[in-house]
Structures are given as structure tokens and as C-alpha cells.
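Novice:
Chains as they are written, first to last, in our numbering: chain A, 199 to 1084; chain B, 11 to 122.
1. If the cut is a Cβ gap below 9 Å, which residues of chain B does residue 269 of chain A touch?
2. Helix, strand or coil, according to DSSP, for residue 324 of chain A in the structure here?
3. Take residue 177 of chain A and list the residues in its own chain whose beta-carbon comes closer than 7 Å to its own, dropping the five residues that flank it on each side.
4. Going by C-alpha distance, which of A:860, A:816, A:924 is nearest residue 913 of chain A?
5. Does residue 277 of chain A come within less than 7 Å of chain E when only Cβ atoms are used?
6. List, from N- to C-terminal side, the beta strand (DSSP E) runs of 3 residues or more that fit wholly inside the region 715-785 of chain A.
7. So, helix, strand or coil for residue 943 of chain A, using DSSP?
8. Count the C-beta pairs between the region 857-867 of chain A and the region 788-807 of chain A that are closer than 8 Å, then say yes if the count reaches three, no if not.
9. Which residues, in chain order, does the region 224-251 of chain A contribute to contact with chain B at a C-beta distance below 9 Å?
10. Going along chain A in order, which residues have a C-beta closer than 7 Å to the C-beta of residue 88 of chain B?
11. Would you kindly work out how many angstroms separate the C-alpha atoms of residue 355 of chain A and residue 376 of chain A, rounded to a whole number?
12. Who are the near neighbours of residue 531 of chain A in its chain, counting only those whose CB is closer than 6 Å to its CB and skipping five residues on each side?
13. Along chain B, which residues have their Cβ under 7 Å away from the Cβ of residue 260 of chain A?
14. Taking the beta strand (DSSP E) that residue 838 of chain A falls in, what are its first and last residues?
15. So, at 7 Å on beta carbons, what are the nonlocal neighbours of residue 753 of chain A in its own chain, with the 5 sequence-adjacent residues on each side left out?
16. In its own chain, which residues sit with a C-beta less than 8 Å from the C-beta of residue 787 of chain A, not counting the 5 before and 5 after it?
17. Quick one: list the residues of chain A neighbouring residue 82 of chain B, beta-carbon separation under 8 Å, in chain order.
18. Output, in sequence order along the chain, the residues in the region 24-41 of chain B whose CB is closer than 8 Å to any CB in chain A.
19. Measuring only between beta-carbons, confirm whether residue 121 of chain B sits less than 7 Å from chain A.
20. Along the chain, where does the beta strand (DSSP E) that runs through residue 1047 of chain A open and close?
21. Say whether chain B places a C-beta atom closer than 7 Å to the C-beta of residue 963 of chain A.
22. Residues in its own chain within less than 8 Å of residue 450 of chain A by CB, not counting five upstream and five downstream?
23. For residue 246 of chain A, is the classification buried or exposed, using 16 other Cβ atoms within 10 angstroms of its Cβ as the cut-off for buried?
24. With DSSP as the reference, label residue 430 of chain A as helix, strand or coil.
25. Please list the residues of the region 591-614 of chain A that have a C-beta atom closer than 8 Å to any C-beta atom in chain B, keeping them in chain order.
26. Which residues in the same chain have their Cβ closer than 6 Å to the Cβ of residue 811 of chain A, if we skip the five residues on either side of it in sequence?
27. How many angstroms separate the CA atom of residue 1010 of chain A from the CA atom of residue 977 of chain A?
28. Could you give the distance in angstroms between the alpha-carbon of residue 33 of chain B and the alpha-carbon of residue 233 of chain A?
29. So for residue 121 of chain B, helix, strand or coil by DSSP?
30. In the structure shown, what three-state DSSP assignment does residue 820 of chain A receive?
31. Is there contact between the region 295-314 of chain A and the region 368-386 of chain A, where contact requires at least three CB pairs shorter than 8 Å?
32. Whole angstroms is fine: what's the gap from residue 775 of chain A's alpha carbon to residue 1061 of chain A's?
33. Strictly below 9 Å CB to CB, what residues from chain B border residue 257 of chain A?
34. In three-state terms, what does DSSP make of residue 858 of chain A?
35. How far does the alpha helix (DSSP H) with residue 60 of chain B in it extend, from its first residue to its last?
36. Can you look up residue 790 of chain A in the DSSP assignment and give me helix, strand or coil?
Okay, structure coming up:
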């Protein structure tokens, strides 16, 4: 067809169809008038002429329809016509349409939000990383343990011999002190191979990145700064390249500045500056980590992930054979790069499981809403049965009817999709920052950009299409069972439908899934409250935690020990401070991996080991049940140790542990330690385990730590908000070269542990609450519609003497049967789901009675209300009106 | 000429041919075309009016006829169809096709 004709067709279909219809009507009317005139001229009376003319013409409606079919003979035109028709139908029953639209919009919006969160956090690369085909090297052991860093020689071997995976960069992480004129700063540093920036595709806005043999030369240390450091600490100075700085007490030169927002490849290891990765640099900076590095690289163009991984696996095997000292229990695995991929942080390992949970929640809510909307549309379709029967008798094929129903559903879904995208955008701008800024979730330092991008919008569209198909399948299926004649003969309300299995099945489905979501949310909340109410064994309030870097202030372990003692004293003298102590490192270790035993032949018991300063238990407020605390005096003989009561009871049941000797370390080379004190059980390093772990504490005075990070625990009087600035001032006055890395309260630190669970519980509660409301409304709608269609039956029953109370009871008994089935099915599903959830949540049993009881009461009440209201209305039917209604 | 749905091709094409031929005599509205066909075939061909209009609209869509609206003497709107140049060419084509077809059928049937 030519362009002209296309234009006419589109015009007709979209803009002037009513005009075309009017024209056709006029044309046929003229024809009939002419024929009537002809017949009159032949001698028939007027009325007879008209009927004869009609008869000769044949089926007027069919002829018009066939003519229209000529206009819309292409699929596209038919489709457009269906869409217009769909819009008209939807506007005719605005209540149903609006409800359905809102429901679909809400569920799509909620789900796309979750999806965009997951996508934003789990799938996107870090800011500033532009290279394609990046992959992270991950190491996996047979038992599932994941390691990220492996010794440096492994990296050089890969770098030299790999062809499918090139270039490869290596990196590690450390904390350094940078000293400027303005003061000392505790910074996080990335220790990187020279090709790091090039491999990741990061631009440098000033200067250059590292040269290959730069750090080997004796000319001094070089650093690349992060953009914000350049802006904040150097004022964005133009002459930054070549400026001297002091890092960990050593002189260094700035050679470049990275592009803005680039903080490293991984979300959870943000860097403020980068130094080259060589043994010399690390030695000079006294960075005490081992020589293990993480690796990231690009697949060569044309090489698939599997190919590259296979090649690396071969190289790895070769290396292990040539260098038995490098043998490890890990296998190499390539993971496609994203800001959170491949690591062993909580997000990387638990992240997938949480995503699985959310996917299921998503699917459930979609099913619930689709079931609901289907019921609404079925109910509406029931009213249109007569219309359908008439259409079919006029010659419309079943396929045509189904197609027009599909178009209606599509219009609904598109409107809902637009609403949903707006909703999701609003949530990402409004709700998520609220979630992230809540005090309990203060952990993430960088807020990922969560505004919906094309992936999210496409996902929403996919959901919308699924919803369309789901909600139109219901009414379309029903059209198969239409019998023409009964509908043509009786009125709209006359035919009693009988129990409709599909509708009721959908109601049961919704209730069951709502129960499932409610119990999951309930269990999540329960887990949270269990964690919160857990007695950690000490008063967590009024303990300030200060982490400092001592590298710039001391060079040897001994001088570091003296420095720390001095700081401890000075802090102890501050007004309002009760007790002060410190531990080396950023926080107390919580790894249960330290073997202790009584005799060399004994099986070892695993404990958590930490080195602490004297006064630690006083600062924490955990009492000693036997023996004494560490003192400042050093012991030349065996090391002294303090154990928790649980460990003492395990090793020496029914005996006093004081004075006993225990052995630590490997069985062939044990180290001895003497127990000088037993302390009460407490969760010193966090609530993550079931039951307080066994702790063994060593004195940091015996073996002073090397200069580096140290954390002070300061217990102060209640209610002193000025404590933090006073502590900061005191530390600065004691030694200006020592920066404070962080200052926080112990309460905040413990609370932030539960951040992921809190997010999970909150989201589950929102979804569950929404589902409950939706399911209740759905049930209400079904009962109401049933009631309306059975008006005649009710009127009859009332006329025959039934009391309204009897009627209400009978209606409610019928609908409550559905509720009962739904609850039972829901509980069965919940028990199954809870066993899976128990792996993600903390401390819950799958059949937690209070939760199930609560859910039962909640759902039963909601369902009761939903059934009662329409039942009451049905019982009020005036029998005279009902019997006369058609 | 009753229309059945089973054999659209043969009869539909024939109806198109007849309509085009009728319009060759001048513009006409739908009813008039039916009357003219009846008259010129001496009451043999009685058009099913229900199939006339779809055919007319199809011809209009294909561009072989053109339509204009006029007011009849009874003050009613009437749609008059007129042959276009393309339609004229198509008429010639259809005509020759029909001649070939009827000759072939005659040959098959053989001498009476």
C-alpha cells in the first residue's frame, strides 16, 4: 500500500473512526431508503416496503462488520482498534480499572525498586571503572571457603604466561598515615601494580600513573591521590604533581590524581590514595600485611570467561607443581566484575542469598496481585457475558474476543507500567536515602546510585507484560465455557453462576501466599528482636571507641608500647573517664580459629584470641570471676592468658583454672601460656554466633604490637556528649603526628552489625503488609460480587423467612471456608520457607509459635472483616426489590 | 448471486469485475450499482447487498475507485463511487482474465 493509503488508514483507525462509522451508517441508511422507495413503487405498502428492503439486504450488522473488517484487514489496524475499544471499556467501569491499575502499579513499582537496589549494589561497576570485559580472580576451596588474596608469585606467573586474560592488575589494601602541614590523617591506601589504572580504564586528571619499574628505583616513594583528597586536603592546587608528602613517616612524591569518584575497584575497600606494589615500598612503609594480593583483569577480546578461567586453572596447576611451597587448597575462579563481586564480604556471600529471598518475595507478590486483578476482571467479565454472547452470535470468532480481552489487559498494564516507573523513581529518590541514613544502617560509606536505569525500566516492562498475560488468561479461559442461548434468553443477573472454582482458587492462592509473606516478615522481626535483646554480658552504653594510627609516632614495637601506655594514661586522666584500655588493630577479632589444648595429645578446642591491654575488662565492665587482670609488669617466663568462663569449664571442668598451663599453636611446636584470670562470658566481639564464643586473651604488654592501627576503648560517665571532642583533643595534644582514624560509640558499632537484617526485615514487612491488604480487598471484592449476583436468591430466602443473621452467617461460613484452606496451605508453605530462612536469619526456629499465632490472628481478623461487610449488605436485601430485579 | 464463504477468490474477483464494469458507465452509489447489475443482466444476477458494500470498500481501499459524498434529492447523504485511472486499467486486466477463463472452461466442457 502506498504511503497515502497508510496515512488514511492510520488516520481512520486512530483519529476518525467514529467519522468513518457515521459515514458507513449513512451509506447503508441511504441504500435502505432507496430500496424502500423502489419497493413502494412496485406497489407494496410503506411498512411492508421497509421490511422487504431490510430482508433483501440481509444482516445489516454483519454487513457493517464485514465492511469494517475491510478497513482493518491488517493485524496492526485490528490491534489498534482493539486498543481503542479496550480504553473505552476501561473507562466505562472506572472503579475496577482504577483499582486494578493501582494494584499492578504498586507491585511492579515495589519489585522494580528491589531489583534496582540489587542491580545498583550487586551488578554495577564502581565509579570511574570504564574498561570492558573485566573479571575478578576469586579463589574457592572445596568446602566453600572463599579467599581473595594469594601470594605475589602467583600473580607474576599469571601475568607472564596468560594470554586469554590480559592485562592483569594486582592490588592490596592497607591503612596509612599521611602527614601534611595541616596535620596527620589516617587514610586507606590501595597498594597496586603499575598497570592498575590502565587495566581498569581509570582516567587520571592530573599527572600520570605508575611506571613499571618506578618503585624499584631508589629515587623515592610515589603516590597517586584520590580526587577528593586533592580537593579537600590540597585545595585542588594546580601544582599538585611533584608535591612532597609524608606517608607513614617516609617522604614521598605525588605523581598523579585519579578522576573524581574513583575510589578503587571494590565497593568495600575504598581508597584515598594509591602506592606502587613492590616489596621495597611495603617495607619502607612498614605495612605489616603479608605479600598476598588480589587480582583483577580483562579478558582478551574474543575470549570467553570459561576459556580464560580454564587457562588460568592450567597455569595454576603448573605453578603448584613447580613451586610446592605455594600450594594452596583453593581453585581459581573468574567472576565477572562488579563493585561487589568475588570478595568474601557479607554482601558478596550473603548478597546472593538475600537476592534469592527477594526474588521469591517478588514472585509471590506478583502472583498475589495478578490473582487479585484477575478476579476483578473476571467479575467484570461476568457482567459482560451477555455482550460476549451477542458478539459471538453476530459472527465474532472466539479468537477475536480473546484478542480484544488481551488488548484491554495490555492497556491496563501499560498504564500501570508508567505509574510503576514513576513510583520506583520516587522510591529511589525518597525512600532509599531514608533507609540508608537510618542509624542502624550506617555501615555503607558510599550510597550507590539507585535511580532506575534502562535495565530496571525494561524489567518493569517485562513484569507488566507478565501481568497482562496473567490477568487476561483468566477471563479468556472463561469465554470457553459460554453457552450462547442461556445468556441470550435471561437477563444479566439471572443466571446463578454456582461455585466458580477459578475465582475461589485464586482467593485461596492469595491468602496462602500472604500468610507465607507474613510469617517470613514475622520471623525476620523476631530474629531482629532476639538479637537486640541478647544480653551481651556488659553495658554497651557509654563506651567510646577511638582508632588511631601510631606509625608516625613510633618506629619499634617497644617504643610503640610505651607510646600506647602514655596515651592510655592521658586518656584516663580526662574528667568523666572511668576506664581506658586498648587493643591492637581496628577491632576485636571474632574468628574462632585459635587452637588451645591442655596436653599435646589432647584434641584442641577452638577459641577466639585477642591481645588486650591492662584494664580491658574494667573498660568493658565484664567482671573477673577468678584470678586477676593483666598488669603493666612484663613476665619473662611463659605468657599469661585470661580465658572466659566457658573456655575454662571446657578445659578444666570442676577445677579452678588459675595457674594451669595451656598449649597453643601447632601440636609439634606448642607455645605455653599460664592462666592468670578467668572472666565472665560475654559477647566481646559481636553477636554473630550462637552462644558466646570461647575467648582467650593475651597481654599486649608482654608482646607489644608493631606501630600501626590501635583501638582505644574508653568508658565514661553517663550523659557526657562532649566526650568525643575531649578525647580527640587529648590525643592530638599527646602526639600531633598520630591521626584519629575513627571515633564512634560502641553502641553504634554493635547496632550496625544488624543493618542487613534490619533492611531485610523492613522490606519483608512492607511487602507482607501490602499483600495482606491486597488479599483482604480481593476477598472482599469476590464476596461482594458473589453477593450482588445472588441478590435474587437472597431476596427469596428472606421472603421465605430467613433472618438476616442467618443469612450473614451462611455467607460468612462459605467464604470463611476459603480462608481456612488458605491459612492451612500458607502455614505449610511457611514451614518450608522458614527452614531456608533460618540459614539467613539469626537464632530463629522454623516453627516459632508466637509468630505463627500472630499471623493467624492477623489474617483471620482481616478476612473476617473482609467477609462480614458484604455479607451484611447482602442480608439487608429488600426481598421485593431483589425479586423484581432483572 | 448468493455469496458463500467457501469460495471467495472466484466469486469475489467476479463481483469486483462487475462493479468496475458498471462504474464505467459513470459514477453511481451502492444501491444504484445493484439495480444496474440486475437490469443489465436481465434479472439473472441479483447481488447480495450484504456483500456489495464490503466489496465496494475494498475496491476503494485498493485505489480502483474513488468516492465522494453528495446530497440526494431527498436530502440524504449518499456516497457516490467513481472509477479511477488505475481502476480503468484494472478493469481491462480483469476483463481479459475473465475472457481467458471462460474460454478455457468452454473448451473443457467441449462441444455440447
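Think of the CB as a built atom: it goes at the ideal place given N, C-alpha and C, for glycine as much as any other residue.
Specialist: Taking the structure as given:
1. Counting from one through the first chain, the residue named residue 269 of chain A turns up at place 71. Chain B residues near residue 269 of chain A: 67, 71.
2. By 1-based counting over the first chain, the position of residue 324 of chain A is 126. Here residue 324 of chain A sits in coil by DSSP.
3. Here chain A covers residues 199 to 1084 and nothing more, so residue 177 of chain A does not appear.
4. The residue you call residue 913 of chain A lines up with position 715 of the first chain. Taking only the C-alpha atoms, the option nearest residue 913 of chain A is A:816.
5. Note that chain E does not occur in the displayed structure, where the protein chains are A and B.
6. 741-747, 775-782
7. Within the first chain, numbered from 1, the residue matching residue 943 of chain A stands at position 745. In the structure shown, residue 943 of chain A sits in a strand (DSSP, three-state: E or B).
8. yes
9. 224, 225, 226, 227, 228, 229, 230, 231, 232, 233, 235, 236
10. Looking up residue 88 of chain B in the second chain gives position 78. The contacting residues are 228.
11. Here residue 355 of chain A refers to the residue found at position 157 of the first chain. Here residue 376 of chain A refers to the residue found at position 178 of the first chain. Straight-line Cα distance between these residues: approximately 33 Å.
12. Position 333 of the first chain, counting from 1, holds the residue named residue 531 of chain A. These residues qualify, in order along the chain: 336, 338.
13. By one-based count along the first chain, residue 260 of chain A stands at place 62. Near residue 260 of chain A (Cβ distances below 7 Å), the residues of chain B are 60.
14. Mapped onto the first chain, residue 838 of chain A falls at position 640. Note, residue 838 of chain A: beta strand (DSSP E), 837-842.
15. Locating residue 753 of chain A in the first chain gives position 555, counting from the first residue. Once the five neighbours on either side are set aside, the close Cβ partners of residue 753 of chain A are 905.
16. Position 589 of the first chain, counted from the first residue, corresponds to residue 787 of chain A. Within the same chain, residue 787 of chain A has close Cβ partners 806, 807, 808, 883.
17. On the second chain, residue 82 of chain B is found 72 positions in, with the first residue counted as 1. The contacting residues are 228.
18. 39, 40, 41
19. As a first step, residue 121 of chain B is located in the second chain; it is residue number 111 there, counting from the start. No, residue 121 of chain B lies away from the interface with chain A (no Cβ there is under 7 Å from its Cβ).
20. Residue 1047 of chain A sits at position 849 when you count from the first residue of the first chain. No beta strand (DSSP E) holds residue 1047 of chain A; the alpha helix (DSSP H) holding it covers 1047-1073.
21. The residue you call residue 963 of chain A lines up with position 765 of the first chain. Closer than 7 Å: no.
22. Here residue 450 of chain A is taken as the residue at index 252 of the first chain, counted from 1. Closer than 8 Å at Cβ, skipping near neighbours: 418, 419, 420, 421, 442, 443, 444, 473.
23. Looking up residue 246 of chain A in the first chain gives position 48. Per the 10 Å Cβ criterion, exposed.
24. Residue numbering aside, residue 430 of chain A sits at position 232 when the first chain is read from its first letter. In the structure shown, residue 430 of chain A sits in a helix (DSSP, three-state: H, G or I).
25. none
26. Start at 1 with the first residue of the first chain, and residue 811 of chain A comes out as number 613. Correct list, in chain order: 779, 780, 898.
27. In the first chain, counting from the first residue as 1, residue 1010 of chain A sits at position 812. In the first chain, counting from the first residue as 1, residue 977 of chain A sits at position 779. Approximately 11 Å, taken between the alpha carbons.
28. One-based indexing of the second chain puts residue 33 of chain B at position 23. One-based indexing of the first chain puts residue 233 of chain A at position 35. Using only the alpha carbons, I get a separation of about 19 Å.
29. Start at 1 with the first residue of the second chain, and residue 121 of chain B comes out as number 111. Coil at residue 121 of chain B, not helix or strand.
30. One-based indexing of the first chain puts residue 820 of chain A at position 622. Residue 820 of chain A falls in the coil class under three-state DSSP.
31. no
32. The residue given as residue 775 of chain A occupies position 577 in the first chain. The residue given as residue 1061 of chain A occupies position 863 in the first chain. Cα to Cα, residue 775 of chain A sits roughly 58 Å from residue 1061 of chain A.
33. The residue labelled residue 257 of chain A in the question sits at position 59 within the first chain. 60, listed in chain order.
34. Counted from its first residue, the first chain places residue 858 of chain A at position 660. Here residue 858 of chain A sits in coil by DSSP.
35. Counted from its first residue, the second chain places residue 60 of chain B at position 50. Its alpha helix (DSSP H) spans residues 59-72.
36. Here residue 790 of chain A refers to the residue found at position 592 when the first chain is read from its first residue. Looking at residue 790 of chain A - three-state DSSP - the assignment turns out to be coil, as it is neither helix nor strand.
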